[in-house]
Amino acid sequence: MTTARQLHSPLADLDSLTSQHRKAIGQLREFARDVIAPTAARRDGAPLGTVEWDLVEEAQALGGLRMGLPEALGGLGFTAEGLGYTLEEFAAADPGFALILGATGLFQTPVMLSNDDRLTSEYLLPFLGDQPILGCNAVAEELNGTDLVLATNAEHAVDMTTAVPDGDVYRLTGKKKYITNAPVARYATVMANIEGHPGSTGLTCFVVDLQWAGVERGTTHDKLGYRTAPAGELIFNNVEVPAENIIGGPSGGWDLNTTIGNITRVTCAAIATGIARHSLDHALAWATSRRQGGKFLFEHQMSARKIADMAASVEASRALWTKAARLVDNSLPVPEFEPAIAKMVADKAAIDNANAAMSLIGAQAFQRDDEMERIMRDSFGPRIYEGSPEALAMTITAHLCK
Amino acid sequence: MTNSTLAVATARLGALTGETPQAEGFRALGIAVRLVIDDSAHVVSLPPERSEAPDVTVALSSSDIVALADGDLGVVQALTQGRLGAQGPIFAAIGFAHVLTTL
């Protein structure tokens, strides 16, 4: 069993990273394995909206909330590949915890790209302190899902959060939904449509301090999985945002949203790979200790095939997300095709492996106190976040058929 | 692109060599750039003495170089609209694009 686990550890693949990054990833991996994994069930069953801040603070001490920030600024300076390896580790332990860190990075990325000294000072430096601060990226709405993912749908968006220009400020009004970290985040990038533009064609990215007047936290969602990461609504009631807090210019939101989405699909694929790996680990632990018919389960041909397929799915998913990550790290324009393919394959691997592990473990996996129950629910998370397979297919076929 | 736009762009890029504040800003990045302008028709190596070993290759049209320098195009837009091309560490390319806004 030990040998099998070593075979699917990603650590052997870290050669392309600097020694400092390898060390930091190793520390975060140990934290995920030794602290986060054993306590995942507790967070999964905690009252809605609970955040274990002491553990977030421990992650912060290791750099977990500044992984993507530049080293010159005091961050870990992780590339997409480094982020992927780290989030795969957290996802194998508790994908909800991975999401808390990842959603914060989602807020930080556009601010970093802006290279604006004031935005950096006001909205990134706070993430370097000892006290953990979370961020979020507010895009989805009650009536606008894919209409905020596929640019070709822009004119069909309805009832969008609106930004009304008023001198040196914009006034934001509307409601965002399904936003990871929304109940507890301090800062958000908010995608709003500038008044007068049809649908979401005037989509614009605003950096918002969620303590500003007029910001309200709405419902905290009761999610199927990823329950460690609170998600919910953000309500904006005529919130005054300085025009200088726009990233990418007025109506530049679609281009920015698409770019950030392509980058983020890589880490989503890494998280899905971590979940697929967790199923494999759990199934292996069972199949190498459970005897039926006088031999271990893994020695039965049908079970062996299941395990082999699960391992192949993990390896294929990792190969695809690392390829996409290296492209994202080393080429512009930001690629669309490879991240979409990586995410589509990895999210299927997460669900397929959970399904296979359920079957392999049998009655024990069907018990609420077995880890499989949580893995099964979590496995559907990557399918939804950052584009469903249906949305990804539009991106993929657009690339193939252009 | 016109020849005159290319001439304006290359003239602006001249500020990245020598003892100018812009050159100082570029040197602070600590990278060597191979800048391909207008579909490989024109290549500028910065600093010239490191032309054989660039850290990153950046591709931009001459009109976008001028637009970045004049403030008519932001770096984020150049990046997200696919107008900034690069092979090599992308944050080096993005840093270089920000230097171009100072020309």
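Top to bottom, those sequences are chains A and B.
Just so you know, we're using the numbering used here here: the first sequence kicks off at 59 and counts up by one.
Just so you know, we're using the numbering used here here: the second sequence kicks off at 2 and counts up by one.
Backbone N, C-alpha and C fix where the C-beta goes; we use that ideal spot for every residue, glycine too.
Please read these numbers as outputs of a predicted model, since none were measured by experiment.
In this structure, does DSSP put ASN195(A) in helix, strand or coil?
Reduced to three states, the DSSP call for ASN195(A) is strand.
What is the DSSP secondary structure of THR21(B), reduced to helix, strand or coil?
Of the three classes helix, strand and coil, the one that applies to THR21(B) here is coil, per DSSP.
Within a Cβ cutoff of 6 Å, which residues of the same chain sit near ARG335(A), ignoring the five residues on either side of it in sequence?
So the qualifying residues of the chain are ALA150 and VAL372.
Determine which residues share a DSSP beta bridge with LEU342(A) and list them.
Paired residues: none, contrary to the question.
State the start and end residues of the unbroken beta strand (DSSP E) segment that holds ASP224(A).
Run containing ASP224(A): 220-224, per the beta strand (DSSP E) assignment.
Would the stretch 186-194 of chain A and the stretch 231-245 of chain A be scored as touching if the rule is three or more Cβ pairs under 8 Å?
Touching, yes, given that three or more Cβ pairs across the two stretches are closer than 8 Å.
Quick one: using the 10 Å Cβ neighbour count with 16 as the cut-off for buried, is LEU65(A) buried or exposed?
Unreliable positioning characterises LEU65(A) in this predicted model, as indicated by a pLDDT of 45, which lies under 50. The coordinate reading is nonetheless provided below. Classification for LEU65(A): exposed.
In three-state terms, what does DSSP make of ARG441(A)?
In this structure, ARG441(A) counts as helix in the three-state DSSP scheme.
Could you confirm whether any beta carbon from chain B is found closer than 8 Å to the beta carbon of ASP387(A)?
Yes, because at least one Cβ of chain B sits closer than 8 Å to the Cβ of ASP387(A).
Looking only at its chain, what residues have a beta carbon closer than 8 Å to the beta carbon of ILE442(A), apart from the 5 residues adjacent to it on each side?
Excluding sequence neighbours, ILE442(A) sits near nothing in its chain.
Bridge partners of HIS43(B), per DSSP?
In the DSSP output, where bridge partners are listed per residue, HIS43(B) has ILE38(B).
Should the stretch 398-408 of chain A be called in touch with the stretch 242-261 of chain A, which here means at least 3 C-beta pairs below 8 Å?
No, the stretch 398-408 of chain A does not touch the stretch 242-261 of chain A.
Between the beta-carbon of VAL207(A) and the beta-carbon of ALA449(A), is there less than 8 Å?
Yes. Within cutoff.
With VAL227(A) and ILE158(A) assumed to form a contact (beta carbons below 8 Å), what rounded beta-carbon distance in angstroms separates them?
Going by Cβ atoms, the distance from VAL227(A) to ILE158(A) rounds to 31 Å, so no, they are not a contact pair.
Tell me which residues of the stretch 301-318 of chain A have at least one Cβ-Cβ distance to chain B shorter than 9 Å, keeping chain order.
Of all residues in the stretch 301-318 of chain A, ILE305, GLY306, GLY307, GLY310, TRP312, ASP313, LEU314, ASN315, THR316, THR317 and ILE318 have a Cβ within less than 9 Å of some Cβ in chain B.
Specify the secondary structure class of THR259(A) as computed by DSSP and reduced to three states.
If DSSP states are grouped into helix, strand and coil, THR259(A) belongs with coil.
Which residue from ALA301(A), PHE185(A), ASN315(A) and ILE454(A) puts its Cα closest to that of SER258(A)?
When each option's Cα is compared against that of SER258(A), the closest is ASN315(A).
Between the stretch 71-80 of chain B and the stretch 163-176 of chain A, are three or more C-beta pairs nearer than 8 Å?
Segments in contact, yes.
How is the alpha helix (DSSP H) around ASN303(A) delimited, first residue to last?
Taken as a continuous stretch (DSSP letters only), ASN303(A) belongs to no alpha helix (DSSP H), as it is neither H nor E.
So which residues of chain B does ASN173(A) contact, with C-beta pairs closer than 8 Å?
Neighbours of ASN173(A) on chain B, chain order: VAL76, ILE95, GLY96 and HIS99.
Anything in chain B within Cβ reach of LEU134(A), meaning under 9 Å, just list it in chain order.
In chain order: nothing, as chain B lies at least about 13 Å away.
Opposite VAL9(B) in the DSSP bridges: which residues?
None; VAL9(B) has no bridge partner.
According to DSSP, what are the bridge partners of ILE237(A)?
BP columns for ILE237(A) point to GLY290(A).
Do THR331(A) and GLU146(A) have their C-beta atoms closer together than 8 Å?
Going by C-beta atoms, THR331(A) is nearer than 8 Å to GLU146(A).
Can you give me the C-alpha to C-alpha distance between GLY445(A) and ASP339(A), rounded to a whole angstrom?
Using only the alpha carbons, I get a separation of about 27 Å.
Touching or not, the stretch 339-352 of chain A and the stretch 406-426 of chain A, by the rule of three or more beta carbon pairs under 8 Å?
The stretch 339-352 of chain A, when compared against the stretch 406-426 of chain A, does touch it at the 8 Å Cβ threshold.
Among ALA246(A), ILE365(A) and ALA414(A), which one has its Cα closest to the Cα of LYS235(A)?
LYS235(A) has its Cα closest to that of ALA246(A), out of ALA246(A), ILE365(A) and ALA414(A).
In or out: THR547(A) buried (at least 16 other Cβ within 10 Å) or exposed?
Because chain A spans 59 through 460 in this model, residue 547(A) falls outside it and cannot be assessed.
Does LEU80(B) come within less than 8 Å of chain A when only Cβ atoms are used?
Chain A contact via Cβ: present.
Using beta carbons (cut-off 8 Å, strictly below), is PRO391(A) in contact with chain B?
Interface residue, yes.
When Cβ atoms are compared, which residues of the stretch 15-28 of chain B fall closer than 9 Å to chain A?
Listed in sequence order: no entries.
For SER52(B), collect the residues of the same chain with a Cβ closer than 6 Å to its Cβ; drop the 5 residues on either side in sequence, then sort them by chain order.
Excluding residues within five positions, the ones whose Cβ falls inside 6 Å are SER46.
Do you know offhand how far THR6(B)'s Cα is from THR137(A)'s?
Distance between the alpha carbons of THR6(B) and THR137(A) is about 35 Å.
Assuming LEU268(A) and ALA243(A) form a contact by the criterion Cβ under 8 Å, report the distance between their Cβ atoms to the nearest whole angstrom.
Contact holds; Cβ gap of about 6 Å.
Please confirm whether ALA10(B) and VAL59(B) have their CB atoms less than 8 Å apart.
No, these two residues do not count as a Cβ contact at 8 Å.
Note the first and the last residue of the continuous beta strand (DSSP E) segment covering PHE388(A).
Reading the sequence as shown, one finds Asn at residue 388(A) and not Phe. Note, ASN388(A): premise wrong, no beta strand (DSSP E); alpha helix (DSSP H) at 359-388.
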